[in-house]
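In what follows, a structure is listed as structure tokens, so that the remarks can point back to it.
Numbering (the working numbering), first residue to last: 36 to 490.
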């Protein structure tokens, strides 16, 4: 059975299997994700979830970022929701799928705290989750079948949490099969009018995958033919595919990419391009007659107005951060795209609503052929005085061809968390992550529990 082969891979994974570069990149993504999490603690939907958890309570086993404790599965949901809400965490680009592997961090922290997981073992479990999610995205994409990328994530969460809990092969296989059977999510989450669920679909998977691993820990079994069986994942959704888990490593994290701007991942090169174009030529939004964007087909369909709906109708934060027209307009008007650009008053402002109507987006086959090895785009700004300026990009700072340095990540982290932390706490969190091999998950969670109390 495939699930047993995957469980063997999970069980056998070792910290010593990680290259120095993989260890570095895992820690970079952890700090990056903690920044996006802390930066989200005042998000209205996040506050609603915190209120729900406070009302329901639960055994105080796992810490919540900004204080308090609850059950591991609820902590996985809340902390994963924080990581995801701003839509500012990392991404992985496969030809037919895009996912955000750092969505797994909240689950592994929550489970790891219950067993006093070491920093080394956390990094190993996180690498497992990255590998499982990314490789399934490579070989078994489901977006075109109408299913969400959280579908592959269910296997990743269960695998990573099983590793963190130290489950044996049989229980790991049960955890993976329960999660994979139960958590097949619809792509409608990210099409048409977008809701809060865009930011909480994966946290729900984090909850379910963590819960599945806990069920397996206590002896609950799952369908062993989850992948290849009658009406299993292949038969019902993905089609035939093959991954030799005995030959997989733990290096896929090095192919993931980090966001420079608080915007949907496929927009990053366009936003960098617009800011560079404005800085070079000095035009203002008032001078613009039209903006033309040529881009690869995946970006066109998800954020440009293709298969997933009109992107010139922008009323909410969720619609704004998935509208290339809005994000490019924000980059031109404000010179940046950060959480401030998604305040409701900014979204509703006349200047940005008027400008985004002047942006047209079209797919270009040459660019589609170069994706995902590149993130190509061409922006042409036509001014009212009949001048035109253009820029062509193939990547951005944060793409795997131009990776972010530790220094840049720390700047991003500090910028996001400064309102909710003291300088001392920021430095303590950064040091703990950078030297996580000398620390434990409990050490990190004790610091994260102080967020918003020391500012």
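For glycine and all other residues, C-beta sits at the position ideal for the given N, C-alpha and C. Note that the coordinates shown come from a computational prediction; the quantities given were computed from them, not determined experimentally.
* As assigned by DSSP and simplified to three states, the class of residue 285 -> coil
* Taking C-beta to C-beta, are residue 335 and residue 355 nearer than 8 Å? -> no
* Asked: For residue 396, which beta-bridge partners are listed by DSSP?
  -> 328
* To do: Determine the extent of the alpha helix (DSSP H) in which residue 46 is found, giving its start and end residues.
  => 37-47
* Asked: What distance in whole Å lies between the Cβ atoms of residue 465 and residue 66, which are believed to be in contact at a cut-off of 8 Å?
  -> 6 Å
* Spell out the partners DSSP gives residue 425 in its beta bridges. => 415
* List the residues that DSSP assigns as beta-bridge partners of residue 323. => 418
* Asked: Mind checking whether residue 71 and residue 112 have CB atoms under 8 Å apart?
  -> no
* To do: Along the beta strand (DSSP E) that carries residue 128, what are the first and last residues, could you check?
  => 127-129
* Residues of its chain near residue 468, where Cβ-Cβ distance is below 8 Å and the 5 sequence neighbours each way are ignored -> 62, 65, 66, 69 and 479
* **DSSP bridge partner residues for residue 94 (one or two, in chain order)** => In the DSSP output, where bridge partners are listed per residue, residue 94 has none listed.
* Report back the beta-carbon spacing between residue 57 and residue 288 to the nearest angstrom; my notes put them in contact at under 8 Å. => 6 Å
* To do: Decide if the segment 189-208 is in contact with the segment 160-170; the criterion is three or more beta carbon pairs, one per stretch, under 8 Å apart.
  => yes
* Per DSSP, cross-strand counterpart(s) of residue 292 -> 126
* **Spatially closest choice to residue 360 from 393, 371 and 379, by CA coordinates** => 393
* Asked: Which residues share a DSSP beta bridge with residue 318?
  -> None, per the DSSP bridge assignment.
* To do: Assign residue 240 to one of three DSSP states: helix, strand, or coil.
  => helix
* Asked: Rounded to a whole number of angstroms, what is the C-alpha to C-alpha distance between residue 409 and residue 308?
  -> 14 Å
* How is the alpha helix (DSSP H) around residue 224 delimited, first residue to last? -> From DSSP, residue 224 is part of no alpha helix (DSSP H); its letter is neither H nor E.
* To do: Return the bridge partner residues of residue 185 from the DSSP annotation.
  => The partner list for residue 185 (beta bridge, DSSP) is empty, contrary to what the question assumes.
* In its own chain, which residues sit with a C-beta less than 7 Å from the C-beta of residue 369, not counting the 5 before and 5 after it? -> 376
* Asked: Could you check where the alpha helix (DSSP H) with residue 354 kicks off and where it finishes?
  -> 352-355
* **residue 371 CB to nearest heavy atom of the ligand HEM below 7 Å** => Among the components of this structure there are no ligands whatsoever, and the ligand HEM is therefore not found.
* Name the one or two DSSP bridge partners that residue 104 has. => 98
* Asked: Run through DSSP, which three-state label would residue 50 get?
  -> helix
* Asked: For residue 263, which three-state DSSP category applies?
  -> coil
* Stretch pair the segment 290-309 + the segment 327-346: three plus CB contacts closer than 8 Å -> yes
* Asked: In this structure, does DSSP put residue 491 in helix, strand or coil?
  -> Any property of residue 491 remains undetermined from this structure, which presents the chain solely from 36 to 490.
* Measure the Cβ-Cβ separation of residue 348 and residue 299 and say whether it is below 8 Å. => no
* Asked: Name the DSSP beta bridge partners of residue 153, please?
  -> 475
* Asked: Which term fits residue 314, buried or exposed, when burial requires 16 or more other beta carbons within 10 angstroms of its beta carbon?
  -> exposed
* Asked: Would you call residue 221 buried or exposed, if buried means 16 or more other Cβ atoms sit within 10 Å of its Cβ?
  -> exposed
* How many angstroms separate the CA atom of residue 151 from the CA atom of residue 477? -> 6 Å
* Mapping DSSP to helix, strand and coil, what is residue 141? -> helix
* Member of 380, 207 and 362 whose CA lies at the smallest distance from the CA of residue 372 -> 362
* Asked: With 16 as the cutoff for other CB atoms within 10 Å, does residue 44 come out buried or exposed?
  -> buried
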